[in-house]
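**Student:** The structure's right below; bear with me while I get my questions together.
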Amino acid sequence: MPLYQTATWRFDTTRQFADVISGQAEGYVYGRGYGNPTVGAFEKVMASLEGTEAAFAFASGSAAIHAVVTMLASAGQRIVASRNLYGGTVSLFQRHLPRMGVQVQFVDVEDSEAVVQALDGAALFYVETISNPHVAVADLPRLAAACAEAGVPGVIDNTFASPYLCNPSQLGFDYVVHSATKYLGGHSDLLGGVVCCTDEGRTRLRSHSLDLGGAMQPFEAWLCLRGLATLELRMERHSATASNLAAFLVASPSVGAVHYPGLDGGRFSVRAKSLLRLPGGMLAFEHVGGYEASAAVCDSLRVAWIGASLGGAHTLVAHPASTTHRQLDAASRQAAGISDGLIRVSVGLEDSADLMADFSGALSAAGASG
Ligand SMILES: Cc1ncc(COP(=O)(O)O)c(C=O)c1O
Numbered sequence: 127m128p129l130y131q132t133a134t135w136r137f138d139t140t141r142q143f144a145d146v147i148s149g150q151a152e153g154y155v156y157g158r159g160y161g162n163p164t165v166g167a168f169e170k171v172m173a174s175l176e177g178t179e180a181a182f183a184f185a186s187g188s189a190a191i192h193a194v195v196t197m198l199a200s201a202g203q204r205i206v207a208s209r210n211l212y213g214g215t216v217s218l219f220q221r222h223l224p225r226m227g228v229q230v231q232f233v234d235v236e237d238s239e240a241v242v243q244a245l246d247g248a249a250l251f252y253v254e255t256i257s258n259p260h261v262a263v264a265d266l267p268r269l270a271a272a273c274a275e276a277g278v279p280g281v282i283d284n285t286f287a288s289p290y291l292c293n294p295s296q297l298g299f300d301y302v303v304h305s306a307t308k309y310l311g312g313h314s315d316l317l318g319g320v321v322c323c324t325d326e327g328r329t330r331l332r333s334h335s336l337d338l339g340g341a342m343q344p345f346e347a348w349l350c351l352r353g354l355a356t357l358e359l360r361m362e363r364h365s366a367t368a369s370n371l372a373a374f375l376v377a378s379p380s381v382g383a384v385h386y387p388g389l390d391g392g393r394f395s396v397r398a399k400s401l402l403r404l405p406g407g408m409l410a411f412e413h414v415g416g417y418e419a420s421a422a423v424c425d426s427l428r429v430a431w432i433g434a435s436l437g438g439a440h441t442l443v444a445h446p447a448s449t450t451h452r453q454l455d456a457a458s459r460q461a462a463g464i465s466d467g468l469i470r471v472s473v474g475l476e477d478s479a480d481l482m483a484d485f486s487g488a489l490s491a492a493g494a495s496g
């Protein structure tokens, strides 16, 4: 797909410009969400991968989440959200929505009764397919059915799964959100987001976003298309290496709980098997030595790097309590199970044995330093 690197389009006549901008004629106008062939190609591929009628692309995952939530919820309304979410999303919900008159009710999505009760009269329901950072897999068909029963739009962040692992629209969710920055781009070299939904949903989102800004730009769409061409290969490799690393960590004496959807006998393994094509590249584990020991492990790694983001070719580790989830107060962190010893790993595409040796060395070094 060629890169149409332009912000604006010229017209032969004033009348033509008026007809196109008002939607009475086909054409391109301006780069703030009015349409661009490269961005449009990315949207079409995403709709096809997610099995939705349409998609609308954004400048980041956070821009996508902000747009869909503020489109669906107005002042005086209440939204219902899982309490296990990416820290930036929690921050949007806790710090900004209430200022705009939208109340947020966080729920334990494993508590069916609480979810059903909360959904009554809500403007939307929000959950992640595989939660950040605990990689919990919710009972998505049950949650989608509860939303349908209550007449509440279901919004799901499918970033950790990617469309290769799961298509939540097929389970009944109405708006499927991605941070394209992660697995869709796949190379940690772009920021982007996308919402996959019905044609009608896209029309509403686009109209909302023309005023909000935050549309995806052509170069990012072009990079995303480059990334999507290898999505299947990358997800297969991420999953295979993450499965090896999870099994290795389970056997390590200084490691407490290991969170990975693909671990046999794990809390979500049966559900993950039925809902996900593969367990994916994200895992998290607790070091029994708390903050000091987990920081020492991260600092000792050489193949894996310490850094923000996930879903790229390079393995990245993060200490959620002090970084990606620092926005949560201590009580919310505790409710979400984010302990001081928790380390999140985005498993990259490196040689599996190299990575295992790296973690083995880092755990020994941290043990020795502790
Ligand atoms: C699950 C999830 N959703 C959304 C986002 C936000 O995406 P972006 O950084 O592209 O705004 C992140 C960022 O880490 C994330 O992990």
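127 is the number of the first residue of the sequence shown in the working numbering; add one for each residue after it.
All residues carry an ideal CB built from backbone N, CA and C; glycine is no exception.
Keep in mind that this is a model prediction, so the values were computed, not measured.
Please report how far the alpha carbon of Asp-138 lies from the alpha carbon of Gln-150, in whole angstroms.
**Tutor:** Roughly 16 Å between the two C-alpha positions.
**Student:** Thinking C-beta only, is Leu-454 closer than 8 Å to Ile-469?
**Tutor:** Going by C-beta atoms, Ile-469 is not nearer than 8 Å to Leu-454.
**Student:** Note down the Cα distance separating Leu-402 from Val-146, rounded to an integer number of angstroms.
**Tutor:** In a straight line, the C-alpha of Leu-402 is about 42 Å away from that of Val-146.
**Student:** Under 7 Å: does the beta carbon of Ser-420 sit that close to some heavy atom of ligand 1?
**Tutor:** False, no ligand heavy atom lies under 7 Å from that Cβ.
**Student:** Taking only heavy atoms of ligand 1 into account, decide whether any of them is closer than 7 Å to the Cβ of Tyr-154.
**Tutor:** For ligand 1, not one heavy atom lies less than 7 Å from the Cβ of Tyr-154.
**Student:** Should Ile-282 be counted as a contact of ligand 2 given a C-beta to heavy atom distance under 7 Å?
**Tutor:** You won't find ligand 2 in this model; what it holds is ligand 1.
**Student:** Is Ala-422 buried or exposed, if buried means 16 or more other CB atoms sit within 10 Å of its CB?
**Tutor:** The residue in question, Ala-422, is buried, as its Cβ has 16 or more Cβ neighbours within 10 Å.
**Student:** Report whether the distance from the Cβ of Ile-469 to the nearest heavy atom of ligand 1 is below 7 Å.
**Tutor:** Checking every heavy atom of ligand 1 against the Cβ of Ile-469, none is found closer than 7 Å.
**Student:** Quick one: give me the first and last residue of the beta strand (DSSP E) that Ser-174 is part of.
**Tutor:** Looking at the DSSP string, Ser-174 is not in any beta strand (DSSP E); the run it does join, the alpha helix (DSSP H), is 163-176.
**Student:** Do you know whose CA, among Gly-406, Arg-141 and Ser-305, lies nearest Ala-189's CA?
**Tutor:** Nearest option by C-alpha distance: Ser-305.
**Student:** Whether or not the segment 333-346 and the segment 370-383 are in contact is what I'm after, with contact meaning three or more pairs of Cβ atoms, one per stretch, closer than 8 Å; do they touch?
**Tutor:** The answer is no - the segment 333-346 does not touch the segment 370-383, with fewer than three Cβ pairs under 8 Å.
**Student:** Quick one: grab the DSSP three-state call for Gln-203.
**Tutor:** The answer is coil: DSSP assigns Gln-203 none of H, G, I, E or B.
**Student:** According to DSSP, what are the bridge partners of Thr-134?
**Tutor:** Tyr-156, per the DSSP bridge assignment.
**Student:** What I want to know is whether the C-beta of Tyr-212 ends up closer than 7 Å to one or more non-hydrogen atoms of ligand 1.
**Tutor:** Yes, ligand 1 has a heavy atom inside 7 Å of this Cβ.
**Student:** From this set, Asp-484, Phe-184 and Ala-264, which residue's C-alpha is nearest Arg-332's C-alpha?
**Tutor:** The residue with the shortest Cα to Cα distance from Arg-332 is Phe-184.
**Student:** Note down, in chain order, each residue of its chain lying with its Cβ closer than 7 Å to the Cβ of Arg-459, except the 5 sequence neighbours on either side.
**Tutor:** Here the set comprises Ala-447 and His-451.
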